[in-house]
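Here's the structure, in structure tokens; my notes come after.
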Amino acid sequence: MQQGSELMPKALSTRIVGGIWWFFTLIIISSYTANLAAFLTVERMESPIDSADDLAKQTKILYGVVEDGSTMTFFKVASWANH
Numbered sequence: 001m002q003q004g005s006e007l008m009p010k011a012l013s014t015r016i017v018g019g020i021w022w023f024f025t026l027i028i029i030s031s032y033t034a035n036l037a038a039f040l041t042v043e044r045m046e047s048p049i050d051s052a053d054d055l056a057k058q059t060k061i062l063y064g065v066v067e068d069g070s071t072m073t074f075f076k077v078a079s080w081a082n083h
């Protein structure tokens, strides 16, 4: 027993539009499925760094600033002592 409409597109242009629509749908569903699988299998990384003090105390992650850049200027003129 088959279900569906008995109306089949007869014109070539209608068949082309239908084919493009189904191809587009296939690509979107495949992309969504691949993204969902990747999202669910990736290992979550916990970041032990929550502040500038935590960053300064650790030794695994290297960090720095560009000389005379905005970040360097920010830390030069900052008024708090945690840097």
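Heads up: the sequence shown runs through residues 1 to 83, numbered per the UniProt record's numbering.
All C-beta atoms in this analysis are idealised placements derived from N, C-alpha and C, irrespective of residue type, glycine included.
Check: Supposed contact pair Ile49 and Leu55 - C-beta distance, whole angstroms, cut 8 angstroms; Outcome: 5 angstroms
Check: Alpha-carbon spacing of Phe24 relative to Glu6, whole angstroms; Outcome: 23 angstroms
Check: Own chain, CB closer than 7 angstroms to Tyr63, minus 5 neighbours either side, in chain order; Outcome: Leu55
Check: For Thr71 and Val65, believed in contact at Cβ under 8 angstroms, the rounded distance; Outcome: 4 angstroms
Check: Unbroken stretches of the alpha helix (DSSP H), 4 residues or longer, contained in the region 34-71; Outcome: 52-57
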